[in-house]
Amino acid sequence: MAAKIDLNPVGNFDVSGDRLGQSWTRWLRSFELYATGKGVDDKKQKKALLLHCAGLDVQDIYFTLTEEDGDDDFDKTIKTLKKHFDAKVNFSVERYNLRSIKQNETETIDQYITRLKQQVVLCDHADPDAQVRDQVIEKCRSNRLRTRLLEKGPGLTLDDVRTIARTLEMAEKHSREMEGATGYGNNPSSSHGSVNRVNQRKPTQYGQNKTKTKSGLKCYRCGREGHFGKDPSCPAQGKTCNKCGKSGHFGTVCKTKQGGQQNQRRYGKYGTKSAKGIVKYVESDDDEYAFIVKNQSDKNDAFIVKNQSDKNDEKMMKLKLMLVA
1 MAAKIDLNPV GNFDVSGDRL GQSWTRWLRS FELYATGKGV DDKKQKKALL LHCAGLDVQD
61 IYFTLTEEDG DDDFDKTIKT LKKHFDAKVN FSVERYNLRS IKQNETETID QYITRLKQQV
121 VLCDHADPDA QVRDQVIEKC RSNRLRTRLL EKGPGLTLDD VRTIARTLEM AEKHSREMEG
181 ATGYGNNPSS SHGSVNRVNQ RKPTQYGQNK TKTKSGLKCY RCGREGHFGK DPSCPAQGKT
241 CNKCGKSGHF GTVCKTKQGG QQNQRRYGKY GTKSAKGIVK YVESDDDEYA FIVKNQSDKN
301 DAFIVKNQSD KNDEKMMKLK LMLVA
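So, in structure tokens, the structure goes:
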């Protein structure tokens, strides 16, 4: 006689929950383990223990149902209750749910198959393993695994899927460990390393993103690299030029010529070269802003730009920027 084990009793079954068919299957599995651990073998005693553990709600349901045929009381009770709770299952919905299950990013194939098998029991399929196998082939994350599985043809079984998937997962794991040990994959200049992504960036309005700068371009106010003249961190902001007496730039970059000539504007290339051309930018000591004109057509257009250097006296000036092909 097997020794009895002191186990905590199984909790009552919740008849008000959703997906009762799946919930009952899981509860019954837990009860079977409990009954075995307690050493209960007699069928009548096992039936009584089942109804007691399931709770009053299940008892009320059971005693209103027509008992199914069976060889013993316990098996008949199981069939009766299973038929009742399975009637609450919408197989069409559950099959749709099965078809929607995809492998998660950090999920192994074994974990993925476990989730599928938990769902397939609700679908009333004649061959559940075949449904799980097909779902793995369709919704697994690895294209390499999918190709290997399809190569096996119609004779592929769910056990074959597990074996092939485990082999590939271990091979990929060992490969990553070897790459990390040799440094491959971390050095962009290595032929084994990652490939840099190439982006095409559209020209943006000057001053729109102050955190992005252009290497090789100097600030026209202070002469330093790393920012533009509009940047509030520019050390020349609010400073008086010792050459021309104007505010907002240093004398080392002052463009005032002898004889009181006007400050010179300077032009430079800015933006991304495309099939149509290169966009130019304009900035000066007198302008509050520098402007960028996008190349939006094949024609050279004239644009009206507002000069906001003097808020009390708004001036309008016309700039015609030529787009260089």
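The C-terminal position of the sequence shown is numbered 325 in the UniProt record's numbering, with every residue numbered one higher than the one before it. Note that beta-carbon positions come from the ideal geometry of N, C-alpha and C, so glycine has one too. All figures in this text were calculated on a predicted structure; none of them were measured in a lab.
Q135 and R19 have their C-alpha atoms spaced approximately 22 angstroms apart.
Listed in chain order, the non-local C-beta contacts of R95 below 6 angstroms within the same chain comprise C123, local neighbours out to five positions each way being set aside. Taking a contact as a CB-CB distance under 8 angstroms, the pair N97 and Q119 counts as one, their CB atoms being some 6 angstroms apart. Beyond the five residues adjoining it in sequence on each side, T252 comes within less than 7 angstroms, by CB distance, of G223 in the same chain, given in chain order. With contacts defined as CB atoms closer than 8 angstroms, L51 and Y62 qualify as a contacting pair. Check the Cα spacing between D6 and each of G39, K255, R26, R221: the tightest is with G39. Scanning K255, N242, G238 for the CA closest to the CA of G248 turns up G238. DSSP places E94 in the helix class (H, G or I) of the three-state scheme. C-alpha of A126 to C-alpha of G180: approximately 47 angstroms in a straight line.
Going by C-alpha positions, Y112 is about 30 angstroms away from N12. Excluding the 5 residues flanking it on each side, L65 has same chain C-beta neighbours closer than 7 angstroms at T80, H84, in chain order. The C-beta of K46 has 16 or more other C-beta atoms within 10 Å across all chains shown, which makes the residue buried. As the crow flies, the alpha-carbon of N143 is around 13 angstroms from that of E105.
Between V58 and V93, the C-beta spacing is not below 8 angstroms. Minimum Cα-Cα distance from I164 among the listed residues A87, D73, L149 corresponds to L149.
Residue nearest to L145 within the set Q131, T167, D159, P154 is T167 (criterion: CA-CA distance). Membership of H52 in the alpha helix (DSSP H) is indicated by the continuous run 43-54.
Collapsing the DSSP output to three states places E225 in a strand. With respect to the C-alpha of D41, the residue from D73, R26, H227 having the closest C-alpha is D73. In this structure, F250 lies away from C244, with their beta-carbon atoms at least 8 angstroms apart. The beta carbon of R221 sits closer than 8 angstroms to those of G229, C234, A236, Q237, G248, H249, F250, V253, D285, all from its chain and outside the five residues before and after it, given in chain order. Residues S23 of the same chain have their beta carbon placed closer than 8 angstroms to that of G17, with the five preceding and five following residues left out of the count. If you draw a straight line from the Cα of R99 to the Cα of R133, it comes to about 12 angstroms. R26 and T77 have their C-alpha atoms spaced approximately 16 angstroms apart. DSSP places N143 inside the alpha helix (DSSP H), whose first and last residues are 143-151. Exposure of H174 is indicated by the presence of fewer than 16 other C-beta atoms within 10 angstroms of its C-beta. When only Cα atoms are considered, T114 and E107 end up about 11 angstroms apart. For E138 and P9, the gap between their C-alpha atoms comes out near 42 angstroms. Assignment of T167 by DSSP, reduced to helix, strand and coil, places it in the helix class.
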